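K.L.:
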Amino acid sequence: MEFDPTSTLVATGSADSTIKVWDVDRGHATHNFKGHSGIISVVRFHPDRRRLRLVSGSDDCKVRVWDLESRSCVAVLDSHVSVVRSLDFSVDGRHLVTGGRDKVLSMWNMETFELEKTLPIFESIEASGVIAASSPAPAGVAKKGSVIAYSGGEKGIIRIWDLLSGKCLMEQEPETNSNHEIVGIIYLKKSHSLVALTSDQNILFYNLADGLKRTRQIAGYNEEVLDLTLLGQEESHLAVVTNTDQLRVYNLETNDCDILYGHTEIVMCVDRSKTGTTFVSGAKDRKAIVWKFDAEAEPESRGNGLGVTG
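In this text, residue positions in the sequence shown follow the UniProt record's numbering: the first is 1, and each later residue adds one.
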C-alpha cells in the first residue's frame, strides 16, 4: 500500500488482483482497478501530484500504469519474467525503476513508456529504489543526469548503481557470520541512510555518506518482520509489522515500544503519509486501518477501517 503525494489517498493491492484507491478522510474507495492476473506485489504513486498516476506490479510479471482521472490503464510495461517486487520513480518523475526476482533492474521512460535500460544484478531482487543524485554517496562519481538506484536481495548485500552507466558505485561490506537475505529496504532522505529488513528478523541501518557502514541494529524479534516505515516529521519512530495481528512502534532514541491493536488477523503492510503524522496498516482481515501519530503520545486509530478485498 502507499499514500499519494497529498496524503489524502491510499492505494492498496490485493490477492484478488485488484487495486483500490481510498479517500483517507471519508473512508471510501474512489477507484477499483482490474487488469492484472496475479497477486498485487507493489503499488506506487507518481511523485507529481498533478499527474494523478499510479503504477502497480504483480505476480503476473507485469507493471501497469493507471490514470486516476480517466480511471483506466494507460500502459503495460512488460519486460520482467518473474514477480515484480519493487517500483520507484526518479526524483523528477521522468523514469520508473522496476526490480524483480528475475535478477534485473529495468528503467522505463514514463513519457513514452519505453524500456531504456536493463541492468543484470545477478541475484533475486527483493527491494530496490531511487536515491537523489545529490546524496553524499553518488555525488562526484555518478554521471550527470543519471538515475541512482539501490538494490538488495538473496545475497544479503546492499548495492548502489548508476543506471546510466550500469556501474556499481558502492557495495556494503557483508555482515560477519551471517547468511541472511534482504527482504526490504527504506531510503531515509533526511539522514542519507538505508534501513534494511533481513530474513533473520533484524533491522539494520546503513549510512550512505560513510560507504554503507552499518550504524545501528534493532534485533530480538520472535516473529518474521514483514514491513516497516518511519514515523514523525523528524523520523523519530519506526512502525514495524510482524507475523501477528499487532503493530509495534519503536522510539528510535529510547528503544521504547508501543504495541497497537486493531486488526484481527496477520498485518501484512504499513505506509506513512508525507508528513509522517498519519500511517495506515493492511492485514489479512481485509481491512486497512488509518492511525494518527503523535511523538508525545501513543498512536491511535482515526476510526477509519477501509474494507480491502482479497
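Using N, Cα and C, we set each Cβ at its ideal position, and we do this for glycine too. All values derive from a computational prediction rather than experimental measurement.
Between the Cα of ASP23 and those of GLU300, ASP258, SER273, spot the shortest distance and give me the residue it belongs to.
P.N.:
The residue labelled residue 23 in the question sits at position 23 within the sequence shown. With distances taken between Cα atoms, ASP23 lies closest to SER273.
K.L.:
Assign ALA297 to one of three DSSP states: helix, strand, or coil.
P.N.:
The residue you call residue 297 lines up with position 297 of the sequence shown. Coil at ALA297, not helix or strand.
K.L.:
Can you check DSSP and say which residues form a bridge with GLU171?
P.N.:
Here residue 171 is taken as the residue at index 171 of the sequence shown, counted from 1. Beta-bridge pairing links GLU171 to ARG159.
K.L.:
Tell me, to the nearest whole angstrom, how far the beta carbon of THR229 is from that of ALA219; I am working on the premise that it is less than 8 Å.
P.N.:
The residue given as residue 229 occupies position 229 in the sequence shown. The residue given as residue 219 occupies position 219 in the sequence shown. At roughly 19 Å, the Cβ-Cβ gap does not stay under 8 Å, so THR229 and ALA219 are not in contact.
K.L.:
Below 8 Å on the Cβ atoms is my guess for GLU2 versus ALA11; work out the distance and round it to an integer in Å.
P.N.:
If you number the sequence shown from 1, residue 2 lands on position 2. If you number the sequence shown from 1, residue 11 lands on position 11. Indeed they touch by this definition, with Cβ atoms about 5 Å apart.
K.L.:
With 16 other CB atoms within 10 Å as the buried threshold, where does ARG49 fall?
P.N.:
For the purposes of this step, residue 49 is taken as residue 49 along the sequence shown, with counting starting at 1. Classification for ARG49: exposed.
K.L.:
Considering only residues of the same chain and omitting the five flanking positions on each side of PRO120, which have a CB-CB separation below 7 Å?
P.N.:
Position 120 of the sequence shown, counted from the first residue, corresponds to residue 120. Cβ neighbours of PRO120 beyond the five flanking positions: LYS103, VAL104.
K.L.:
Measure the alpha-carbon distance for ASP285 versus VAL267 and round it to whole angstroms.
P.N.:
The residue given as residue 285 occupies position 285 in the sequence shown. The residue given as residue 267 occupies position 267 in the sequence shown. Rounded to whole angstroms, ASP285 to VAL267 spans 8 Å at the Cα level.
K.L.:
Give me the DSSP bridge partner(s) of HIS31.
P.N.:
In the sequence shown, residue 31 corresponds to position 31, counting from 1. Answer by DSSP bridge pairing, in chain order: VAL21.
K.L.:
Leaving out the 5 sequence neighbours to the left and right, which residues in its chain are closer than 6 Å to HIS80 when beta-carbon positions are compared?
P.N.:
Counting from 1 along the sequence shown, the entry for residue 80 is found at position 80. Answer for HIS80: CYS61, GLY100, ASP102, listed in chain order.
K.L.:
For my contact list, ARG53 and GLY35 are in at a C-beta cut-off of 8 Å; report their separation, rounded to the angstrom.
P.N.:
The residue labelled residue 53 in the question sits at position 53 within the sequence shown. The residue labelled residue 35 in the question sits at position 35 within the sequence shown. Actually they do not touch by this definition, with Cβ atoms about 15 Å apart.
K.L.:
Taking the alpha-carbon of HIS76 as reference, which of PHE113, PHE293, ASN207, GLY38 has the nearest alpha-carbon?
P.N.:
As a first step, residue 76 is located in the sequence shown; it is residue number 76 there, counting from the start. The amino acid occupying residue 76 in the given sequence is Val; His does not appear at that position. VAL76 has its Cα closest to that of PHE113, out of PHE113, PHE293, ASN207, GLY38.
K.L.:
Can GLY262 and LEU247 be called in contact, C-beta distance under 9 Å?
P.N.:
Walking along the sequence shown from the start, residue 262 turns up at place 262. Walking along the sequence shown from the start, residue 247 turns up at place 247. Contact flag set, yes.
K.L.:
Taking the C-alpha atoms as reference points, what is the distance between ARG44 and LEU9?
P.N.:
Position 44 of the sequence shown, counting from 1, holds the residue named residue 44. Position 9 of the sequence shown, counting from 1, holds the residue named residue 9. Approximately 12 Å, taken between the alpha carbons.
K.L.:
Hey, does ASP258 have any beta-carbon neighbour from chain B nearer than 9 Å?
P.N.:
Protein chain content of the structure displayed is limited to a single chain, and chain B is not contained in it.
K.L.:
Per DSSP, PRO120 forms a beta bridge with which residues?
P.N.:
Along the sequence shown, read from residue 1 onward, the residue named residue 120 stands at position 120. Per DSSP, VAL104.
K.L.:
In its own chain, which residues sit with a C-beta less than 7 Å from the C-beta of PRO299, not counting the 5 before and 5 after it?
P.N.:
The sequence position of residue 299 within the sequence shown is 299, counting from 1. VAL249, ASP258, LEU260, TRP291, LYS292, PHE293, listed in sequence order.
K.L.:
Please give the ranges of any beta strand (DSSP E) in the UniProt domain "Nucleoporin Nup159/Nup146 N-terminal" (175 to 294), keeping only runs that are unbroken, at least 3 residues long and fully inside the region.
P.N.:
As far as the UniProt domain "Nucleoporin Nup159/Nup146 N-terminal" (175 to 294) is concerned, its whole beta strand (DSSP E) runs of at least 3 residues are 182 to 188, 193 to 198, 203 to 207, 213 to 218, 225 to 231, 237 to 242, 247 to 251, 257 to 260, 267 to 272, 278 to 283, 287 to 292.
K.L.:
Please report the distance separating the alpha-carbon of TRP108 from that of ALA297.
P.N.:
Residue numbering aside, residue 108 sits at position 108 when the sequence shown is read from its first letter. Residue numbering aside, residue 297 sits at position 297 when the sequence shown is read from its first letter. Distance between the alpha carbons of TRP108 and ALA297: 43 Å.
K.L.:
Using a Cβ-Cβ cutoff of less than 6 Å, which residues in the same chain neighbour ASN207 once the five nearest sequence positions on both sides are dropped?
P.N.:
On the sequence shown, residue 207 is found 207 positions in, with the first residue counted as 1. Around ASN207: SER193, LYS213, THR215.
K.L.:
Work out the CA separation of ALA209 and THR309 for me, nearest whole Å.
P.N.:
Counting from one through the sequence shown, the residue named residue 309 turns up at place 309. Counting from one through the sequence shown, the residue named residue 209 turns up at place 209. Here the model assigns THR309 a pLDDT of 49, short of 50, so the residue's position is not dependable, and the following value carries that caveat. Spanning the two alpha carbons is a distance of roughly 42 Å.
K.L.:
Can you find the residues in the same chain that come closer than 8 Å, C-beta to C-beta, to ILE158, ignoring five residues on each side of it along the sequence?
P.N.:
On the sequence shown, position 158 is the one that residue 158 refers to. Closer than 8 Å at Cβ, skipping near neighbours: TYR150, SER151, GLY152, GLU171, GLN172, ILE182, ILE185, LEU194, ALA196, TYR206, LEU212.
K.L.:
Can you name the residues that DSSP bridges to ARG71?
P.N.:
Working through the sequence shown from its first residue, we reach residue 71 at position 71. Answer is none; ARG71 lacks a bridge partner.
K.L.:
Just the Cα atoms here: how many angstroms apart are ALA127 and LYS144?
P.N.:
Here residue 127 corresponds to residue number 127 of the sequence shown, with the count starting at 1. Here residue 144 corresponds to residue number 144 of the sequence shown, with the count starting at 1. Answer to the nearest angstrom: the Cα atoms are 25 Å apart.
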